[in-house]
Structure formats: structure tokens, C-alpha cells
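Here's the structure, in C-alpha cells; my notes come after.
Protein chains in written order, with this note's numbering: chain A, 93 to 286; chain B, 93 to 286.
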């Protein structure tokens, strides 16, 4: 059976929660045919809060992934105008789901996947994204076909939920998102498996 | 000026988001006198999803911290009945805020801080906590004086929020929690600083 591959794209000075929330959610699927890797350009990348984490693969692994999730963070400003970095990606929304958190939209735009579309991003990168000719809208999640942008860290729940539903079904999506809700506010004693 | 120290207690097989959400939120305070460390018993601990992260200090650092946040995860079952591990802690709610996420309540209970109180925990550890004589209630956050238990990953927002308000004030709490809300659902274009 072919695996489902999920690539979370990280880099130095990534926003901690925008990598780790997606990492946690995607790993809750817990199926043998489900592979989640954080990918980058070095063996290790360090978050904006100073936490170094090992990469599971280099960014090229994303090119063969089913789902590509661009994280965000101040470090993205050194990358989205770097032709050498951008040239390492060969993505295709015809065969892949592509999504971004917050400033990750700058990479999706630089790679050409937001042209003639609306998109969302974090307040602090709104002007930069608009300067690239993208119509930026004040929404938490914007989906066009197989490309989605999300903004505001907790909107990762909606973005990952959309990706999970598309690749694993509604039931898995509901189980995964339900398992992280607060007890008595979405998660009952009777629920959850971890 | 004396620093405010925050210790996030981790271990092997920690639940990813229960360490990383607190880590992200506490680091958003960004004050020079604010120190956040993930502490453990080894140089590196690996999450339940398989991510190894370096510890900022050994668990004894928590004994001098102002805020001690016990994370959760399957690995806690090997620890909360281990006298050698428990003996490394010398915590005191008279001078420290103590809190737990999900199964972290088992450690707070084993250390004697939940006696004669109500507490909450994740559904899967409810029976174990009750077997220690604790009155377990189906709530997202339970606070008694300087000791709090929270359950369901996203309840970390409330637990960290309580800790932030106590040590940094309401304004900092509101800024930090506001910065991670979804755009248009708690975070406006005009908000946020990262």
C-alpha cells in the first residue's frame, strides 16, 4: 500500500507552535501508512524561541509528499526571495494538497501558487503578501481547490483538519481534532485515545 | 532584578503539544527577566511522536522556578511511582505556581499537591488519578490557590493564561493569548507582534 506522506516545511527561526501543532495533529492519525516529517535545508533548525530540532528529511522530500504544510516565522523573510531555496521545490497542486500557516503564505506566493487568488496571512506579513500581487483577506482559512492559507496559530486546527479530511476522511479528522479539545469543552470523559 | 523562571517538566514519550504549546506561549512574553526552560532527567527527551529535543536544564531547576508546568504523556506512567524521580523535586506552592496538563496531574498527586482537592486530568488517566484518592472532576481547569490542573491539550491556553496573569499581569496574558488566535476569530489585522 502506498503511504500518505506529510511534509511540514521548517527553517531557522520558525514560529514554534506553527510547526509543533501541525506535527502533533498529523501524528495523531497513527496509521502505519501515514508518514509525517519535518523538512528543512539543514540537519537541525532552531525555532524563534530557541529550540533546536532535527529535520526528518531535506526539503526535496516535500516534492513527493501528498500534503505539504508550510510553517511560518521570521526566518521566512530570508527564504522567500531566495531563488536557490525556491528552486528546490517542485510542487504541484494537481497531485498535492498545499497549505501555509501565517507568513508561510509568502513561500506559497513566491512559488506561484497564490496567483489570481485570495489568501490570508498573519497581520505582520499582510503588506508583504499584498506587495506580491496577492489579494489578502482577513480570514482564518482560505481554500482554493488544493491550496489553502491559514492565519493565526490556532487556525492550524482548521487547516490540518481540512488536510486530514481530504486524505483520511471525516471520521479521522473529527477524532484528531476532538482529542485536543479542553475537557468539558469539546472533549468528554468518554472520548479520546491518548 | 530577579528573573521570573518557568520550568516545563518533560520526559521521554511526552505528548508533543503539551510541552510545545506552553513553550511557545511562555516565550511570547519576551522580557529579559523572563526565563523559560524545558527540564528533564536526560540531555534529550523524545516525544511520543518521535521528536527528540534538548533539555534546557535538569529537573532540579524547577525547584527554584517561579512557575512549574508539568507536561503530560504516556511516559509519565514510568515516573509517577518512581521514588528516585520524585525525590528530585522540592517544590512548594507557598512560593511557586504549580500546574499540570492532562496526565501530568499524576505527578502533582504523587508529590502530594492534590491531596484533599479536586483536580482534572485526561480521560485516559482519570481512573489512575482517582485511585490515588484524588477527587477527579470533568472540567478543563481546576485551580486551588497556587496549584492548578488542566485537561485536554487546548486547555493549556487557560492554564498558561492563569500563570501569565499571576506573574506578568492581565495585559501580558491578553497579548500572548490574543497573538495565537485565528485571524478574524480573536486576532484582527491590527493585532499581534510576531
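For glycine and all other residues, C-beta sits at the position ideal for the given N, C-alpha and C. The structure displayed is predicted, hence computed values, not measured ones.
Within chain A, no C-beta atom comes less than 9 Å from the C-beta of residue 129 of chain B; the nearest is roughly 10 Å away. Secondary structure of residue 281 of chain B (DSSP, three-state): coil. Nearest CB-CB separation between residue 266 of chain B and chain A: not below the 7 Å threshold. Using a Cβ distance threshold of 7 Å, residue 224 of chain B and residue 110 of chain B do not count as a contacting pair. In this structure, the alpha-carbon of residue 148 of chain B lies about 42 Å from that of residue 227 of chain A.
At least one C-beta of chain A is nearer than 7 Å to the C-beta of residue 116 of chain B.
Under the 8 Å Cβ criterion, the region 167-174 of chain A counts as touching the region 100-116 of chain A, having at least three qualifying pairs. The region 236-246 of chain A makes no contact with the region 262-270 of chain A: fewer than 3 CB pairs, one atom from each, lie closer than 8 Å. Shown here, residue 219 of chain A sits in a helix according to DSSP, grouped into three states. The distance from the Cβ of residue 231 of chain B to that of residue 275 of chain A is about 7 Å, consistent with a contact at the 8 Å cut-off. Nearest to residue 277 of chain A by C-alpha distance, out of B/210, B/215, B/141 and B/175, is B/215. For residue 109 of chain B, the chain A residues whose Cβ falls inside 7 Å of its Cβ are 112, 113, 116 and 272, in order along the chain. Beta-bridge partners of residue 191 of chain A (DSSP): A/161 and A/240. Interface criterion not met: the Cβ of residue 95 of chain A is under 7 Å from no Cβ in chain B. A check of alpha carbon separations from residue 189 of chain A across A/280, A/120, A/255 and A/114 identifies A/255 as the nearest. For residue 97 of chain A, the enclosing beta strand (DSSP E) starts and ends at 96-101. Cβ contact annotation for residue 161 of chain B (same chain, cutoff 6 Å, sequence separation greater than five): 100, 114 and 191, in chain order. Within the region 216-227 of chain B, those residues whose Cβ lies closer than 7 Å to any Cβ of chain A are, in chain order, 216 and 218. Here residue 202 of chain A has 172, 173, 178 and 224 as same chain residues with Cβ atoms under 8 Å from its own Cβ, once five neighbours each way along the sequence are excluded. Closest option to residue 239 of chain A, judged by alpha-carbon separation, among A/261, A/146, A/145 and A/158: A/158.
In the assembly as shown, residue 129 of chain B is a buried residue. Its beta-carbon has 16 or more other beta-carbons within 10 Å. A Cβ-Cβ distance of about 18 Å is found for the pair residue 154 of chain B and residue 121 of chain B, leaving them out of contact under the 8 Å criterion. Residue pairing from DSSP places residue 106 of chain B in a beta bridge opposite B/139.
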